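Structure first, then comments.
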Amino acid sequence: MYFEHKVIVVTGASAGIGADAAILFAKQSAKVVLVGRNEGALINVAKKCEEAKGLKPLIVKAELTNDNDVRNIVTKTIENFGHIDVLVNNAGVGIKGGICDGVDLYDRAMATNVRAIYLLTSLATPYLVQSKGNIVNVSSIAAFKPIRDIEFLPYCISKAALDQFTRCVALELGREGVRVNSVSPGCTKTSFLESAGYTKEQAEELYKYRDTCIPLRKVAKSKEVADLILYLASDRASSITGAIFVIDNGENLM
350 MYFEHKVIVV
360 TGASAGIGAD
370 AAILFAKQSA
380 KVVLVGRNEG
390 ALINVAKKCE
400 EAKGLKPLIV
410 KAELTNDNDV
420 RNIVTKTIEN
430 FGHIDVLVNN
440 AGVGIKGGIC
450 DGVDLYDRAM
460 ATNVRAIYLL
470 TSLATPYLVQ
480 SKGNIVNVSS
490 IAAFKPIRDI
500 EFLPYCISKA
510 ALDQFTRCVA
520 LELGREGVRV
530 NSVSPGCTKT
540 SFLESAGYTK
550 EQAEELYKYR
560 DTCIPLRKVA
570 KSKEVADLIL
580 YLASDRASSI
590 TGAIFVIDNG
600 ENLM
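Given below as structure tokens:
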């Protein structure tokens, strides 16, 4: 897997899966565009990317629910690099809540996890068609497996929509030579649970519980998910499109 001269846009690149994916792309000589809300964290990730091969990433601070910010991602990328080869739609938001908690939670989840991805992908598509590039979306096993021990209904619905988005766009863009795939992690050690409102202690308890009941008796590390993203973005996956790749240590079997 080698990405020399390739321009890779990674959303949610300030931490977790997005940060690890960006660093791995940089180690493969890619020109990386780091997108996120936390500029300080993006700068730290950029330093690690630059240390890999000496290539300085482009940082784009953006709130993905702001349409102008989303447009600016593509504008800045083209201004700086002239093309886009890979779009990694990694940014997402975890929203706790159930059916009795109101529709506002649904709106928040769909705004970031579906609408923002729809808009960014539509804006990037003309450039991906030119480069015969590809898209990797980061979904979740929550798209097809209800979460038993926590109420995450808005999140689950949004990820189910994202999976169908992946399949439909893969079918539409296949004739243009553009591949579209998705990775669906299970429980993964990132700051996701804390950003969704859980304390660090609650998150650790959940990880410990998963360690005892998941078939492989462990939760995934963000770098493992990032490795899968790199594979799907590479020419080694040139015959793969419209696929949903599960990486969950067997959690979906439970």
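Numbering (the working numbering), first residue to last: 350 to 603. Every residue, glycine too, gets a C-beta built ideally from N, C-alpha and C. On a predicted model such as this, the values are computed, not experimentally measured, just so you know.
For the segment 387 to 446, which segments carrying the beta strand (DSSP E) assignment without a break, of at least 3 residues, lie completely within its bounds, in sequence order?
Here the runs fully enclosed are 407 to 410 and 435 to 438.
Quick check on the burial criterion: 16 or more other C-beta atoms within 10 angstroms. Buried or exposed for E400?
By one-based count along the sequence shown, residue 400 stands at place 51. Exposed, since its Cβ has fewer than 16 Cβ neighbours within 10 Å.
Can you give me the C-alpha to C-alpha distance between S363 and A440, rounded to a whole angstrom?
Against the sequence shown, residue 363 aligns to sequence position 14. Against the sequence shown, residue 440 aligns to sequence position 91. Computed Cα separation, rounded: 10 Å.
When DSSP labels each residue in this structure, what does N598 get in the three-state scheme?
For this step, residue 598 is matched to residue 249 along the sequence shown. It is coil, neither helix nor strand.
As a quick exercise: from L404, S489 and L579, pick the residue whose alpha carbon is nearest that of A510.
Residue 510 sits at position 161 when you count from the first residue of the sequence shown. Answer by Cα proximity: S489.
In whole angstroms, what is the alpha-carbon distance linking F374 and I506?
One-based indexing of the sequence shown puts residue 374 at position 25. One-based indexing of the sequence shown puts residue 506 at position 157. Roughly 30 Å between the two C-alpha positions.
Suppose the cutoff is 8 Å on Cβ atoms and the five residues either side in sequence are ignored; what does the same chain contact list for R457 look like?
Along the sequence shown, one-based indexing puts residue 457 at 108. For R457, where only same-chain residues beyond five positions count, the Cβ hits under 8 Å are V442, I444 and P503.
If you drop the 5 nearest sequence neighbours on each side, which residues of the same chain put their C-beta closer than 6 Å to that of G591?
Reading the sequence shown from its first residue, position 242 is the one you call residue 591. Around G591: R516 and A519.
Identify whether F501 lies in helix, strand or coil by the three-state DSSP scheme.
Position 152 of the sequence shown, counting from 1, holds the residue named residue 501. DSSP places F501 in strand when its eight states are reduced to three.
Could you tell me which uninterrupted beta strand (DSSP E) segments, each at least 3 residues in length, are contained entirely in the segment 515 to 586, listed from first to last along the chain?
You should have 528 to 534.
Name the residue from G446, V463 and L383 whose alpha carbon lies nearest to the alpha carbon of G365.
Numbered from its first residue, the sequence shown carries residue 365 at position 16. Ranking the options by Cα distance to G365, first place goes to L383.
Are the Cβ atoms of D369 and K572 separated by less than 8 Å?
Along the sequence shown, read from residue 1 onward, the residue named residue 369 stands at position 20. Along the sequence shown, read from residue 1 onward, the residue named residue 572 stands at position 223. For D369 and K572, yes; Cβs fall inside 8 Å.
Can you check whether the CB of T414 is closer than 8 Å to the CB of A465?
Position 116 of the sequence shown holds residue 465. Position 65 of the sequence shown holds residue 414. Their beta carbons are under 8 Å apart, which means A465 touches T414 by this criterion.
Using three-state DSSP, classify T590 as helix, strand or coil.
For the purposes of this step, residue 590 is taken as residue 241 along the sequence shown, with counting starting at 1. The answer is coil: DSSP assigns T590 none of H, G, I, E or B.
I'd like to know whether the C-beta atoms of V568 and N598 end up nearer to each other than 8 Å.
Walking along the sequence shown from the start, residue 568 turns up at place 219. Walking along the sequence shown from the start, residue 598 turns up at place 249. Yes, the Cβ-Cβ distance between V568 and N598 is below 8 Å.
So who's on the other strand from G385, going by DSSP bridges?
Numbered from 1 along the sequence shown, position 36 holds the residue referred to as residue 385. According to DSSP, which records beta bridges pairwise, G385 is partnered with K410.
I357 and V487: beta carbons closer than 8 Å?
On the sequence shown, position 8 is the one that residue 357 refers to. On the sequence shown, position 138 is the one that residue 487 refers to. No.
Helix, strand or coil: which one does DSSP assign to K380?
Within the sequence shown, the letter at position 31 stands for residue 380. Strand at K380.
By DSSP, does I496 sit in helix, in strand, or in coil?
Position 147 of the sequence shown, counting from 1, holds the residue named residue 496. Correct three-state label for I496: coil.
Taking the beta carbon of M603 as the centre, do at least 16 other beta carbons fall within 10 Å, making it buried, or is it exposed?
Looking up residue 603 in the sequence shown gives position 254. When all chains shown are included, M603 counts as exposed.
In the DSSP assignment, find the alpha helix (DSSP H) that holds V452 and state where it starts and stops.
In the sequence shown, residue 452 corresponds to position 103, counting from 1. It spans V452 to M459 - the alpha helix (DSSP H) in which V452 sits, taken as one unbroken run.
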